[in-house]
Amino acid sequence: MCRHLAYLGPPITLASLLFEPAHSLAHQSWAPADMRGGGTINADGFGVGWFAAGGPVRYRRATPLWSDTTLPGLAAVTASGAILAAVRSATVGMPVTEQAAAPFAEGPWLFSHNGKVTGWPGSVAKPAGALPPVDLLTLDAPTDAALLWALVRDRLRHGAGPREAVAGTIAEVAAAAPGSRLNLLLTDGETVVASTYGHSLSVRKRAGSVIVSSEPLDDDPSWQPVGDRTLVVATAAELHQIPLGEV
Numbered sequence: 001m002c003r004h005l006a007y008l009g010p011p012i013t014l015a016s017l018l019f020e021p022a023h024s025l026a027h028q029s030w031a032p033a034d035m036r037g038g039g040t041i042n043a044d045g046f047g048v049g050w051f052a053a054g055g056p057v058r059y060r061r062a063t064p065l066w067s068d069t070t071l072p073g074l075a076a077v078t079a080s081g082a083i084l085a086a087v088r089s090a091t092v093g094m095p096v097t098e099q100a101a102a103p104f105a106e107g108p109w110l111f112s113h114n115g116k117v118t119g120w121p122g123s124v125a126k127p128a129g130a131l132p133p134v135d136l137l138t139l140d141a142p143t144d145a146a147l148l149w150a151l152v153r154d155r156l157r158h159g160a161g162p163r164e165a166v167a168g169t170i171a172e173v174a175a176a177a178p179g180s181r182l183n184l185l186l187t188d189g190e191t192v193v194a195s196t197y198g199h200s201l202s203v204r205k206r207a208g209s210v211i212v213s214s215e216p217l218d219d220d221p222s223w224q225p226v227g228d229r230t231l232v233v234a235t236a237a238e239l240h241q242i243p244l245g246e247v
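Using UniProt numbering, the first residue of the sequence shown is number 1, and each one after it goes up by one.
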């Protein structure tokens, strides 16, 4: 359905994640290895968010990542110690717009979704109806990913921690829409929270850095697959994997 990744650690260029590895995010946009029943390529937009001195900055487009002639030069000279990026394969019937591309953002948070909500939109009418009306009227786009972001964001606004916000949203949506694929990715630049729920995810932890990615970026043996229905909670220094049922 989509591919996404997050990095925490010493500053690196955007290009070192988006373009330089053998199986970079750009490569995954046209040759993903594990889409699991959700399309064949990720050509319906992309986005990259990185943390600068004033907070997160985003660059999003509704076009395939490989067609953007500006991004490679920008990515080669832009460095950050916290990065989230995604390429999109739109669900049939959902719009292909810049606003529909992850990362979604508010305050210090960046968010992405890899997957699909089954029975959209009727299946999640009840969870959506519990949100403040203004949140529904101002969704980034009429998509399942944007609604998932609104549900996570609402929990964060009401004081939930990031792991509880992600796990609680997954539990609510999975109950309302069985069979959904709900790999979520959330970061504030200090911590990454990622879920596996019907889609692939791998992690690479090194001293002082971590990458969480839908697919490994290269053949480095330190990449480890994450089991299904797991919550990954990572900082640059620590990595924890928790069964979703225990959060």
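Ideal placement from N, C-alpha and C gives every residue a C-beta, glycine not left out.
query, result
"Supposed close pair valine 173, proline 127 - CB separation, criterion 8 Å", "6 Å"
"Cβ pair phenylalanine 46, leucine 65 closer than 7 Å", "yes"
"Buried or exposed (CB count within 10 angstroms, at least 16 for buried), glycine 55", "exposed"
"Bridge partners - lysine 126, DSSP secondary structure assignment", "Paired residues: none, contrary to the question."
"Backbone CA spacing between glycine 179 and leucine 148 [nearest angstrom]", "15 Å"
"CB contact flag (aspartate 34, alanine 90, <7 Å)", "no"
"Cα-Cα separation, alanine 101 to leucine 84", "12 Å"
"Nearest-angstrom beta carbon gap, proline 225 and serine 195 [assumed within contact, 8 Å]", "With 8 Å as the limit, serine 195 and proline 225 do not qualify as a contact, their Cβ atoms being about 14 Å apart."
"Stretch pair the segment 135-154 + the segment 210-223: three plus CB contacts closer than 8 Å", "no"
"For arginine 157, the first and last residue of its enclosing alpha helix (DSSP H)", "144-157"
"Contiguous beta strand (DSSP E) assignments of at least 3 residues, all confined to the segment 61-111", "79-88 and 104-106"
"CB-CB length for glycine 93 against histidine 199, believed under 8 Å", "That pair is no contact at about 20 Å."
"Alpha-carbon spacing of histidine 240 relative to proline 216, whole angstroms", "18 Å"
"Alpha-carbon to alpha-carbon, serine 29 and alanine 141", "21 Å"
"Leucine 137 burial status per 10 Å Cβ neighbour count (16 or more: buried)", "exposed"
"Contact belief for leucine 17 with leucine 5 at Cβ below 8 Å, rounded distance in angstroms", "6 Å"
"Classification of isoleucine 242 by the beta-carbon crowding that lies within 10 angstroms, buried from 16 upward", "exposed"
"Sheet register partners of tyrosine 59 (DSSP bridge)", "Val48"
"Contact check, alanine 236 vs serine 213, beta carbons under 7 Å", "no"
"Threonine 169 burial status per 10 Å Cβ neighbour count (16 or more: buried)", "buried"
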